[in-house]
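Q: In my numbering, the protein residues as written are 7 to 562. Beta carbons: idealized from backbone N, C-alpha and C, even for Gly.
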């Protein structure tokens, strides 16, 4: 079959082990592009929402491949994932052959946490609904046409070439060259037993060879990619682990070989982060885990986060849902990561911290579950340990999982408790943890400004789980700034450009500085210009405050 032009529409994905919402780009569209002959054009769903002329481009193409699907609930700053009804509205009038792929077609269109997702086998807007791996189905379509088996699966050896060839579409991403590329080391799970997780549907772990991953990084680096996240796996510490144990011993040598190889082919990379780590692996193999984490820190970039899928601190819930680790085991893992990764690096943040994910609505959950989770977080604070993020969400039940049989019954029962409990954690835990992770005076380089809202510019570093930074100035979007932390909210920090030009800074920015406030900010503005530090101190009403503030300023 002759395919001269294909359009890939990225509706974004978010799975337990894969993120593809801007600025993150998942492997799916890259693999699909690599499996295709001819010209390949790439657009995101947000681009289509703004520019309907993209539909005309689709109509002048031979094939349209749509990739979408959210299987874990999330909130996103960089884009809004597509829904099935939305995609069907857009695709109904498109004349080209249309294939729907990704988690949406494999597991069902997840909508939001707390709502059941049902599998789809057909859609009137699509010619093929890929219930298998979309890249394998597309590859099959090239030779077999519409008779291709929509349930085709691929193995890691199949994507070795596609991953390299698919790099060609990355410059079409709207965030390029500031895109964070999600990299797959393996998929599938040694355990495959958590009651709600879709990762078990991929089967046993299928490791990509170190050399194949390095070749992909080299191809991406050669076209200008500088931000990489090893996020497409349930537990990076078990990459290339041997045997069939539920908690296999980390293969330190393979992990170090991978990281070292990435650094060799991408010497000027700006970010090399990871995502998922199983706290149970650390608890069962503390010394080998320590060695593996040290190897990671040797080659990564700072501000890294090892997300722990703890899910619950209630032993009853943990047992019934076959979760990864008991609370004491998770606590041991948090201590170890703090010990190995707690030093601050060039990003202004600790080298490597744990993150914690909690899921509510699971089998066996009671009112006491909420209290046990809260007490666990209080204990972390009291021990002086750091966690980079605490993600609290309601389960999204999928057909084929144990939670698929339970549905949203438990979620509905505890809905009121959940929202009050979440606010309590935001108030009592999150703000204090942010103060410790990024204290006042912390300098954060390379914060990319993304959004204007209410006189504040919000931005983030390009990272695996970046802090949300609010700057009380209207700064140009898309540009990078070094900022100095001046305050904390429940889920974000307040910062000002560093150093701050005192002779041109807005009153609002001056008010945000420690020890200033409205009246003093007005006085600073009124007494401008300042020739130098000494001139500033002499014009201020309080010498001690002036000396502290002078450290924030330049005098232009």
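(1) Label residue 425 either buried or exposed according to how many other C-beta atoms from any shown protein chain fall within 10 Å of its C-beta, with 16 as the threshold for buried.
(2) Which same chain residues, not among the five before or five after residue 485, have their C-beta less than 7 Å away from its C-beta?
(3) By DSSP's criteria, residue 498 is part of a beta bridge. Which residues make up the other side?
(4) Using C-beta distances below 8 Å, list every residue in its chain close to residue 185, excluding the 5 sequence neighbours before and after it, in chain order.
(5) Throw me the rounded Cβ distance for the residue 105 and residue 46 pair, which I believe falls under 8 Å.
(6) Can you find the residues in the same chain that come closer than 6 Å, C-beta to C-beta, to residue 408, ignoring five residues on each side of it along the sequence?
(7) If I'm right that residue 108 touches residue 75 with Cβ under 8 Å, what's the distance once you round it to whole angstroms?
(8) Which residues bound the alpha helix (DSSP H) around residue 540?
(9) May I ask you to report which of helix, strand or coil DSSP gives residue 371?
(10) Does the beta-carbon distance from residue 449 to residue 505 come in below 7 Å?
(11) Counting beta carbon pairs with one atom in the segment 191–198 and one in the segment 355–369, are three or more of them shorter than 8 Å?
(12) Kindly indicate the opening and closing residues of the beta strand (DSSP E) around residue 363.
(13) Quick one, are the C-beta atoms of residue 390 and residue 355 less than 7 Å apart?
(14) Does residue 24 come out as helix, strand or coil in the three-state DSSP assignment?
(15) For a test of the three-state rule: what should DSSP assign to residue 324, helix, strand or coil?
(16) Would you call the segment 285–296 and the segment 246–254 touching, i.e. three or more CB-CB distances under 8 Å?
(17) Rounded to the nearest angstrom, how far is the Cβ of residue 238 from that of residue 470, given a contact under 8 Å?
(18) So who's on the other strand from residue 503, going by DSSP bridges?
(19) In the DSSP assignment, the beta strand (DSSP E) including residue 74 goes from what residue to what residue?
(20) Rounded to whole angstroms, how far is the Cβ of residue 112 from the Cβ of residue 90, which I believe are closer than 8 Å?
(21) List, from N- to C-terminal side, the beta strand (DSSP E) runs of 3 residues or more that fit wholly inside the segment 149–190.
(22) Can you list, in chain order, the residues of its chain with a C-beta nearer than 6 Å to that of residue 322? Leave out the 5 residues immediately preceding and following it.
(23) Rounded C-beta distance between residue 462 and residue 277? I'm assuming under 8 Å.
(24) Output the distance between the C-alpha atoms of residue 8 and residue 77, rounded to the nearest integer angstrom.
(25) Beta-carbon separation of residue 416 and residue 376 under 7 Å?
(26) Go through the segment 425–484 residue by residue and report every complete run of the beta strand (DSSP E) that reaches 3 residues or more, in order.
(27) May I have the straight-line CA-CA distance separating residue 242 from residue 55, to the nearest angstrom?
(28) Is it right to say residue 549 is buried, meaning 16 or more other beta carbons lie within 10 angstroms of its own, or is it exposed?
(29) Name the DSSP beta bridge partners of residue 106, please?
(30) Please go through the same chain and pick out, in chain order, the residues whose beta-carbon is closer than 7 Å to the beta-carbon of residue 520, but skip the five residues on each side of it.
(31) Measuring straight from C-alpha to C-alpha, what distance separates residue 271 and residue 265?
(32) Hey, out of 528, 541, 214 and 226, whose CA is closest to residue 244's CA?
(33) Per DSSP, what are the beta-bridge partners of residue 45 in this structure?
(34) Suppose only complete runs of 4+ residues qualify. What are the alpha helix (DSSP H) ranges in the segment 255–286, listed by chain order?
(35) For residue 70 versus residue 38, is the C-beta spacing smaller than 7 Å?
(36) According to DSSP, is residue 50 helix, strand or coil?
A: Judging by the given coordinates:
(1) Taking the first residue of the chain shown as position 1, residue 425 is located at position 419. That one is exposed.
(2) Looking up residue 485 in the chain shown gives position 479. So the qualifying residues of the chain are 455.
(3) If you number the chain shown from 1, residue 498 lands on position 492. 474.
(4) Counting from one through the chain shown, the residue named residue 185 turns up at place 179. The answer, listed in chain order, is 28, 29, 30, 31, 176, 179, 231 and 233.
(5) In the chain shown, the residue the question calls residue 105 occupies position 99. In the chain shown, the residue the question calls residue 46 occupies position 40. Rounded, the Cβ-Cβ distance is 13 Å, inconsistent with contact.
(6) In the chain shown, the residue the question calls residue 408 occupies position 402. Excluding positions up to five away in sequence, the list reads 201.
(7) As a position in the chain shown, residue 108 is number 102, starting the count at 1. As a position in the chain shown, residue 75 is number 69, starting the count at 1. Confirmed, Cβ separation roughly 4 Å.
(8) Here residue 540 is taken as the residue at index 534 of the chain shown, counted from 1. Taken as a continuous stretch (DSSP letters only), the alpha helix (DSSP H) holding residue 540 covers 539–545.
(9) Reading the chain shown from its first residue, position 365 is the one you call residue 371. Reduced to three states, the DSSP call for residue 371 is coil.
(10) Taking the chain shown and counting its residues from 1, the one referred to as residue 449 is at position 443. Taking the chain shown and counting its residues from 1, the one referred to as residue 505 is at position 499. No, they are not a contact pair.
(11) no
(12) Here residue 363 refers to the residue found at position 357 of the chain shown. Residues 358–366.
(13) As a position in the chain shown, residue 390 is number 384, starting the count at 1. As a position in the chain shown, residue 355 is number 349, starting the count at 1. For residue 390 and residue 355, no; Cβs fall outside 7 Å.
(14) On the chain shown, position 18 is the one that residue 24 refers to. Looking at residue 24 - three-state DSSP - the assignment turns out to be strand.
(15) Here the question's residue 324 lines up with position 318 in the chain shown. If DSSP states are grouped into helix, strand and coil, residue 324 belongs with the helices.
(16) yes
(17) In the chain shown, residue 238 corresponds to position 232, counting from 1. In the chain shown, residue 470 corresponds to position 464, counting from 1. Not confirmed; about 12 Å, so no contact.
(18) Walking along the chain shown from the start, residue 503 turns up at place 497. DSSP output for residue 503 lists 489 as bridge partner(s).
(19) Against the chain shown, residue 74 aligns to sequence position 68. 69–76 is the span of the beta strand (DSSP E), which, as asked, contains residue 74.
(20) As a working mapping, residue 112 is identified with position 106 in the chain shown. As a working mapping, residue 90 is identified with position 84 in the chain shown. The Cβ separation is near 13 Å, so there is no contact.
(21) 186–190
(22) What you label residue 322 is simply residue 316 of the chain shown in a count that begins at 1. Only 370 meet the Cβ criterion.
(23) Residue mapping note: residue 462 aligns to position 456 of the chain shown, counting from 1. Residue mapping note: residue 277 aligns to position 271 of the chain shown, counting from 1. About 25 Å; that fails the 8 Å criterion.
(24) Counted from its first residue, the chain shown places residue 8 at position 2. Counted from its first residue, the chain shown places residue 77 at position 71. C-alpha separation (whole angstroms): 34 Å.
(25) Indexing the chain shown from 1 puts residue 416 at position 410. Indexing the chain shown from 1 puts residue 376 at position 370. Contact flag unset, no.
(26) 449–459, 462–467 and 474–477
(27) For the purposes of this step, residue 242 is identified with residue 236 of the chain shown, where counting begins at 1. For the purposes of this step, residue 55 is identified with residue 49 of the chain shown, where counting begins at 1. Going by the C-alpha atoms only, they are around 36 Å apart.
(28) Here the question's residue 549 lines up with position 543 in the chain shown. Exposed is the call here.
(29) Numbered from 1 along the chain shown, position 100 holds the residue referred to as residue 106. Residue 106 is bridged to 72 and 135.
(30) Counting from 1 along the chain shown, the entry for residue 520 is found at position 514. Excluding positions up to five away in sequence, the list reads 446 and 492.
(31) For the purposes of this step, residue 271 is taken as the residue at position 265 of the chain shown. For the purposes of this step, residue 265 is taken as the residue at position 259 of the chain shown. Approximately 10 Å, taken between the alpha carbons.
(32) Taking the first residue of the chain shown as 1, we reach residue 244 at position 238. Checking every option, the nearest Cα to that of residue 244 belongs to 214.
(33) Your numbering for residue 45 matches position 39 in the chain shown. Per DSSP, 11.
(34) 258–271
(35) Against the chain shown, residue 70 aligns to sequence position 64. Against the chain shown, residue 38 aligns to sequence position 32. No, the Cβ-Cβ distance between residue 70 and residue 38 is not below 7 Å.
(36) Taking the chain shown and counting its residues from 1, one reaches residue 50 at position 44. Strand at residue 50.
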